[in-house]
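Report on the structure given below.
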Amino acid sequence: LKLGRDDSEVITRKRRFATATRARGRVHIDVYTMVNFLATIGTIRLIHYTLEDVYRHMLGKEKPDFEFTEIIKAWEHGGEPARKLLEYSMSDAEATLELGLELLPLFFELTQTVGQTPFDVSRMTPGQLVEWLLIREAHKRGELVPVRPVGSQASAF
-13 LKLGRDDSEV ITRKRRFATA TRARGRVHID VYTMVNFLAT IGTIRLIHYT LEDVYRHMLG
47 KEKPDFEFTE IIKAWEHGGE PARKLLEYSM SDAEATLELG LELLPLFFEL TQTVGQTPFD
107 VSRMTPGQLV EWLLIREAHK RGELVPVRPV GSQASAF
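Okay, so the sequence shown: first residue is -13 according to the working numbering, each after it adds one.
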């Protein structure tokens, strides 16, 4: 897909625990990664992190219900079941958008604090955010930051 502002293809790369997708010239932030970050730092605690549960917990709203066993019927027969499936899918998109709009100010504030892009900040661990904050502060003070040790150098610490 050519979704980049320069008409370039979407770039997908595997990261340690997830896949990151970029479109040149566009900010791409996955709402799931934002919610996962909040769960990691303990801001939200739920038994299940489904869209329905997170939407209810964070915004106090309910999504329409749809029986997944009805999906095949909706595809095969169309009509009313297909309309309900369409409404359910639309409610997923709207709930995701609302959650994103609720969470974006927090993540844009984090980008200002640590000096990294929204794409990167939304995928960082809390430890990485602290590390970038320290690097930024060191730079402001004119201090050098040593290169991160790797391999046997790291085990010496």
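All C-beta atoms in this analysis are idealised placements derived from N, C-alpha and C, irrespective of residue type, glycine included.
Here the structure is a predicted model, which is why all the values come from computation and not from measurement.
Between ASP16 and the set GLY28, TYR74, THR111, LEU83, the nearest pair of CA atoms involves LEU83.
Shown here, ALA81 sits in a helix according to DSSP, grouped into three states. Only exposed fits ALA4, as fewer than 16 other CB atoms lie within 10 angstroms of its CB. The closest CA to that of PRO112, considering only LEU24, GLY(-10), LEU(-11), is found on LEU24. CA-CA distance, HIS14 to ALA68, rounds to 30 Å.
Burial check for LEU45: the Cβ neighbour count within 10 Å stays below 16, so the residue is exposed. Nearest C-alpha to PRO50 among GLU62, LEU72, GLY86: LEU72.
GLU48 is the residue among LEU90, PHE94, GLU48 whose C-alpha sits nearest the C-alpha of TYR74. Unbroken alpha helix (DSSP H) stretches of 4 residues or longer found wholly inside the stretch 34 to 120: 37 to 45, 57 to 63, 65 to 100, 104 to 107, given in chain order. Contact annotation: VAL100 and ARG122 have beta-carbon atoms nearer than 8 Å. In this structure, LEU96 lies away from TYR41, with their beta-carbon atoms at least 8 Å apart.
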